Amino acid sequence: MFADIHAHILCDIDDGPKTFEQSVELLKSAFENGIDRIVATPHFYASYHSLDERIAKRDERFNILNEYIRQSGLTVKILPGFEVRYFDGISRSDSLDKLCINNSKVLLLELGLIPITEKVIDEIVELDYSGYTVVLAHIERYHKMPGFKAVQQILKNKYAIAQLTASSLLSGPFKSAAFRLLKQSPNVVIASDMHSVDVRPPVISQAYDAIKAKFGPAKQNTIIYNSNRLFDIVGE
Ligand SMILES: [Fe+2]
1 MFADIHAHIL CDIDDGPKTF EQSVELLKSA FENGIDRIVA TPHFYASYHS
51 LDERIAKRDE RFNILNEYIR QSGLTVKILP GFEVRYFDGI SRSDSLDKLC
101 INNSKVLLLE LGLIPITEKV IDEIVELDYS GYTVVLAHIE RYHKMPGFKA
151 VQQILKNKYA IAQLTASSLL SGPFKSAAFR LLKQSPNVVI ASDMHSVDVR
201 PPVISQAYDA IKAKFGPAKQ NTIIYNSNRL FDIVGE
């Protein structure tokens, strides 16, 4: 069974499921795909979300789904988190701990389609120096952005973990970039970034099969281990 540290599975909070029923449908689909540990990561945008309101809403939706899991007997563990869009000054933000996954020091950070400037890179390195583990969400998407070489360098130097999207390894415009990053980066995790059973569905099992086909079982096991280990860290 697999861990998935990036999932829009809570309902009516972002561009994931609109209804609770859709949320449950997505949960069951994930479980059928072999996913039994999930970090629920709604979007957080500092420019227009109030953090306290966002946490309250996230926790409310989280508790509803968690209660469903408990009552249904589904052997899935979920944890609360956010997918945090980069904002200027994030490395010195007083809110960092609240933005991390489940009171850990692990931050799922989305760069967004912004120029990857020296400032952005410096802040990621600063977060690492401050004791945070930065997981760069769906990093394959940014491979054509100016400044991406610096991202590759900080990944190589282990200042951050590369999160690649399972569906990117199967098809679409980011496939070759995803495989290149998988080959180059020492610390990679695969996550679904699931939004619905149609939009970016949970296909982690197929992604691990694709890794095995391309690089062999040792690489596949390493990548599965990375995600399991990260989930253990945030679940402590
Ligand atoms: Fe996402």
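Taking our numbering, the leading residue of the sequence shown gets 1, the next gets one more, and so forth. C-beta atoms are modelled at their ideal positions from N, C-alpha and C, and glycine is treated no differently. These numbers were taken from a predicted model, which means no experiment stands behind them.
Three-state class that DSSP yields for V203 in the structure shown: coil
Which residues DSSP lists as bridging Q163, in chain order: V189
Three-state class that DSSP yields for L108 in the structure shown: strand
Selected residue, minimal CA-CA separation from I154, among E118, L10, N226, E32: E118
Element boundaries [beta strand (DSSP E), containing I5]: 2 to 7
Beta strand (DSSP E) runs contained entirely in the stretch 50 to 131, provided each spans 3 or more residues: 77 to 80, 83 to 85, 106 to 110
Residue nearest to V106 in terms of C-alpha spacing, selected from I124, E123, T133: T133
Closer than 7 angstroms: H6 CB and nearest ligand 1 heavy atom: yes
Ligand 2 heavy atom lying under 7 angstroms from the CB of D193: Summarising the ligand content, the structure contains ligand 1 and does not contain ligand 2.
Proximity test, E123 beta-carbon vs ligand 1 heavy atom, cut-off 7 angstroms: no
For E123 and S72, the rounded distance between their alpha carbons: 43 angstroms
Own chain, CB closer than 6 angstroms to S185, minus 5 neighbours either side, in chain order: L155, A162
Residue range of the beta strand (DSSP E) that includes I35: 35 to 40
Inter-residue spacing [alpha-carbon to alpha-carbon] between G112 and Y142: 8 angstroms
Alpha-carbon to alpha-carbon, K149 and S95: 29 angstroms
Cβ-based neighbour list, Y45, same chain, cut-off 6 angstroms, excluding 5 preceding and 5 following: R85
beta-carbon E140 near ligand 1 non-hydrogen atom, thresh 7 angstroms: no
Cβ-Cβ distance between A40 and F62 below 8 angstroms: yes
Beta-carbon proximity of G34 to S227, cut-off 8 angstroms: no
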